[in-house]
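Residue numbers (the working numbering): 128 to 853.
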């Protein structure tokens, strides 16, 4: 009798109005009202599974808000029963119920899930551990399945599994309802299809200050290790941790649908993995399958896409809209592309964020920080792109049909290791249309054997760099700062400084043009760059380069041969136009280096309204070397340029071979040559016509102002005979 009395006391029903009826003198509640209030909210205190099931059945019959309080942990012992109501299998909730766990556990022991919340019903779970749920095969929601409203607070959802091809939501299935998880843990759950931790089919799902860890999906299809959204729903994850989850295909941590809206705020997404093998699979941390994904104030780190062609180690945006703000994307990896972020078409925007130390493998291994595939749009604003590595585009990579816009950002210390001449782009690699404005691109490297474009490589695309700084970048082959491989490249109001093009062959320290491209440099500064040829700029045999209103100073070309040099600019047979510029204090330093300022080899040089000051070369052409081809100069002033003793001819301008030079109006003053032609020097087969030129203070052992070595030379209307000077 005593034991029976104790059990009944444990399962007592306590009316919510009991406290109010303690003072009968102060209440006017009628007996009918008291009974109604008692019915409206009852408290069931339970110790056993049987008491728990009885309490749920009674609560389902009530029209009020009932509460169950666990006095001890409970283990399911009944057999499986997918449709058994509250009496067997899971606990069906058909009303409004609050379960207070007080830190206790309901262990489903693989019998079924724990709660099945029906439509128009509400379940609140507080301080309760739910574990080891396993509903019937193909059913979803390992611990909780809901068509209604569920709120889980300060609870743990642990170690549950759903199996079968359509089974989703290892811990929770929110089937079009409202799910809110606060201050809780969802850990070690598995789902065959999707949503190792949580599956949301439409509806609204909110996760706040919670930890989603160690959840996983199977292989059919295997998406969303921690959370998966199907259909047109809304998911919000705030101030939470999403870590060490895995998906067999996509979204190791989080996965958003084609019509879904997914928001991640102040959350850490780290060390998750997605193993999908296709190029549009991966997204180790997050995967957006065409919907809208917004990430702010968060950290995405240490995630990996591990499949053979997996992409987007941190995030993969597949045809959707991705906005990332004030977020760090750190140390993520992918074999194919997009170590940090893969944008497969769609629209991707980064604002005030950091892409750092992300990397790709070698298959093909492009876009260490971010990679754009297809006809997408990427905007990178006020963002730091640092220390990322890839085969092409250590920092950023843009597709042939893509559009990349970079504004007010820093791209620094990124590395591209591709060995081919059209690989590299340590900071940025672009096959498409790229615009860079107000950005610093510094200390990036193209380290492959013939790697090009230490800062930027424009490969057949359209590149615009405006109001930016490109400095201290390096490449092994060409284009220490910028490599323009055909295409169209425009540089305006930009500083190209201290870039280096290496030695293989090492051309175009600041900028190098390959092939039949078009390069325009205007209102810019080209300072202190180094190369074998074209310390500042280098133009190809089939290309066109236009330089206007630009200051080229302190650049160095170290090539040792007579047709190498061009401290500021080297023109390798193409078209070079220089107007309104200053070419100052540049050097050709090789043993027979020529053209301290400019060297044009068998090309076309058109120079106007330009000053050539203080440039030097060991062999010839302290300011300008014209080796074959033609040169037309007008309103050009050359002052204080010089050549060394090897042999040391043409302090201001030197013609080699069958070159043709016309210089109309200008001045040649204070120039010097160690041997002949302190100002001007014409070859045995060259043609040189100078008119309207003012000479003064030029020096040389022979022909201080001009020397003709046998060709046709006329200065201010006077014919200079072969072997003589003036």
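Glycine residues also receive a C-beta, built at the ideal position from the N, C-alpha and C atoms.
Integer Cβ distance of residue i from residue j, believed to fall under 8 Å
i	j	result
residue 571	residue 522	7 Å
residue 512	residue 490	Rounded, the Cβ-Cβ distance is 22 Å, inconsistent with contact.
residue 498	residue 562	18 Å between Cβ atoms; not a contact.
residue 775	residue 800	5 Å
residue 477	residue 528	Between residue 528 and residue 477 the Cβ distance is about 20 Å, and since that is not below 8 Å, they are no contact.
residue 293	residue 260	With 8 Å as the limit, residue 293 and residue 260 do not qualify as a contact, their Cβ atoms being about 17 Å apart.
residue 583	residue 552	6 Å
residue 689	residue 721	6 Å
First through last residue of the alpha helix (DSSP H) which encompasses residue i
i	result
residue 178	176-188
Residue i classed as buried or exposed, judged by whether at least 16 other C-beta atoms fall within 10 angstroms
i	result
residue 346	exposed
residue 182	buried
residue 204	exposed
residue 652	buried
residue 835	buried
residue 683	buried
residue 217	buried
residue 844	exposed
residue 828	exposed
residue 854	In this structure the chain extends from 128 to 853, so residue 854 is not present and cannot be described.
residue 679	buried
residue 819	exposed
residue 152	Confidence in residue 152 is poor, its pLDDT being 43 and thus under 50, which makes the residue's placement unreliable; the coordinate value appears in the next sentence. Flag for residue 152 reads exposed.
residue 188	exposed
Residues of its chain near residue i, where Cβ-Cβ distance is below 7 Å and the 5 sequence neighbours each way are ignored
i	result
residue 352	323, 342, 343, 344, 372, 373, 374, 378, 379, 380 and 399
residue 577	546, 547, 548, 603, 604 and 631
residue 210	Unreliable placement is indicated for residue 210, whose pLDDT of 41 sits below 50; no coordinate value is reported for it.
residue 199	174 and 231
residue 423	392, 452, 453 and 454
residue 761	735, 791 and 792
Candidates the options: closest to residue i by CA position
i	options	result
residue 755	732, 642 and 314	732
residue 464	603, 834 and 406	406
residue 869	593, 578 and 199	Limits of the chain in this structure are 128 at one end and 853 at the other, which puts residue 869 out of reach.
residue 738	202, 780 and 468	780
residue 670	642, 803 and 415	642
residue 767	757, 760, 773 and 778	778
residue 824	816, 833, 818 and 841	833
residue 644	589, 411 and 597	589
residue 597	622, 610 and 575	622
residue 617	609, 586, 639 and 646	646
residue 457	481, 339 and 475	481
residue 348	314, 290, 299 and 386	290
residue 329	318, 339 and 303	303
residue 614	384, 560 and 665	560
residue 430	450, 444 and 461	461
residue 703	821, 724, 186 and 666	666
Residues near residue i by beta carbon distance below 6 Å, same chain, minus five either side
i	result
residue 225	194 and 251
residue 308	279, 334 and 337
residue 256	232 and 283
residue 332	301, 306 and 362
residue 244	220, 250, 273, 275 and 277
residue 447	415, 417, 418 and 473
residue 837	811 and 849
residue 839	814
residue 586	549, 558 and 612
residue 662	636, 656, 682, 683, 684 and 694
residue 83	Within the shown structure, residues of the chain are numbered from 128 to 853, placing residue 83 beyond reach of any answer.
residue 524	493, 494, 498 and 556
residue 212	Only weak support exists for where residue 212 lies, its pLDDT of 46 falling under 50; the value from the coordinates is given anyway. Only 219 meet the Cβ criterion.
Where the beta strand (DSSP E) through residue i begins and ends
i	result
residue 702	702-706
residue 530	530-534
residue 231	223-234
residue 817	814-823
residue 92	Past the boundaries of the shown model lies residue 92; the chain is included only from 128 to 853, so the question cannot be answered.
residue 793	787-796
residue 254	249-258
residue 363	361-365
residue 699	Careful: residue 699 lies outside any beta strand (DSSP E) and carries neither H nor E.
residue 807	807-809
residue 298	Taken as a continuous stretch (DSSP letters only), residue 298 belongs to no beta strand (DSSP E), as it is neither H nor E.
residue 267	Element bounds for residue 267: n/a, residue is neither H nor E.
residue 652	652-654
Any C-beta of chain D under 8 Å from that of residue i
i	result
residue 696	Structure shown: chain D not included; a single protein chain is present.
Contacts around residue i, its chain only, beta-carbon distance under 8 Å, and the 5 residues preceding and following it disregarded
i	result
residue 366	335, 336, 392, 393 and 394
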